[in-house]
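Chemist:
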Amino acid sequence: MTVEASSCVAFPATEPPFPDALAVAERIEAGVFRATYGESAEDLGSYYAEHLPQTQIVLVHDGGWAGMMRLGLPGPRTSLSLEDAVAPPFEADVEADLAGGEPVVLLDVLTAAVRSRFRNRRIFERMLDAAARVAAEHGCTHLVAMADRRVLVYLRRRRLRYTLHTGLHDYYGSPATGFVSVETGELHRWLGQAA
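First residue of the sequence shown? That's 951 in our numbering, and the numbers climb one at a time after it.
1) Does the stretch 1014–1024 touch the stretch 1073–1085, meaning 3 or more C-beta pairs lie closer than 8 Å?
2) In chain order, what residues of the same chain have a beta carbon less than 6 Å from the beta carbon of residue 1116, not counting five sequence neighbours either side?
3) With DSSP as the reference, label residue 1137 as helix, strand or coil.
4) Determine whether the beta carbon atoms of residue 1044 and residue 1091 lie at a separation below 7 Å.
5) Within 10 angstroms of the Cβ of residue 990, are there 16 or more other Cβ atoms? Answer buried if so, exposed if not.
6) Measure the beta-carbon distance from residue 978 to residue 1035 and round it to whole angstroms, keeping in mind my assumption that it falls under 8 Å.
7) Using the three-state DSSP reduction, which class does residue 1092 fall into: helix, strand or coil?
8) For residue 998, count neighbouring Cβ atoms within 10 angstroms of its own Cβ and tell me buried if that reaches 16, exposed if not.
Laid out in structure tokens, this is it:
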């Protein structure tokens, strides 16, 4: 695979588009999570290993490998974020909150990481655009994620309509964190305005 100077690709974790694609994404993830939360690559690898068949990776290149997302697809295994959501201190049933006339299908944004020298709104929004495409391809009605206060402030300022399902709690080194969801259609609308 030829990597363009500026590109964003989403791929199944078990079918990388080039040999070290997953390793590149995991290095970005581990670098950010080690600096922020003290988690090692081994910690992250063991946490997500059993979920790889239900995982898509987003990888952004912008003059260098800039950022990644790890997305949990709907399937037989329960989303890791939803496992955390129902447990203390959150104790939230996101699917019940969203239940209505149509079935709820969730895409779990497990992790998002951008290398510090690339950190800007454009990189993050390109990854969200890829996540929105993955959600649409897999029939997901909503994206769900753990988000800290900094991300919530960003989304509010950028006028993305989201639902906060829990209070904000300190969680494994991440301060003021809660569970949010956004409708896939709303995310597409918002990204269209941001473009």
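Where is the CB? At the ideal position from N, CA and C, for every residue including glycine.
Modeler: Reading from the atomic positions:
1) yes
2) Here residue 1116 corresponds to residue number 166 of the sequence shown, with the count starting at 1. Excluding sequence neighbours, residue 1116 sits near 1040, 1042, 1128 and 1129.
3) For the purposes of this step, residue 1137 is identified with residue 187 of the sequence shown, where counting begins at 1. Three-state DSSP puts residue 1137 in a helix.
4) By 1-based counting over the sequence shown, the position of residue 1044 is 94. By 1-based counting over the sequence shown, the position of residue 1091 is 141. Not in contact: residue 1044 and residue 1091 (Cβ atoms no closer than 7 Å).
5) Counting from one through the sequence shown, the residue named residue 990 turns up at place 40. It is exposed - the Cβ of residue 990 has fewer than 16 other Cβ atoms within 10 Å.
6) To locate residue 978, count along the sequence shown from 1; it is residue 28. To locate residue 1035, count along the sequence shown from 1; it is residue 85. Wrong, their Cβ atoms sit about 25 Å apart, outside the cutoff.
7) The residue given as residue 1092 occupies position 142 in the sequence shown. Strand.
8) Start at 1 with the first residue of the sequence shown, and residue 998 comes out as number 48. Flag for residue 998 reads buried.
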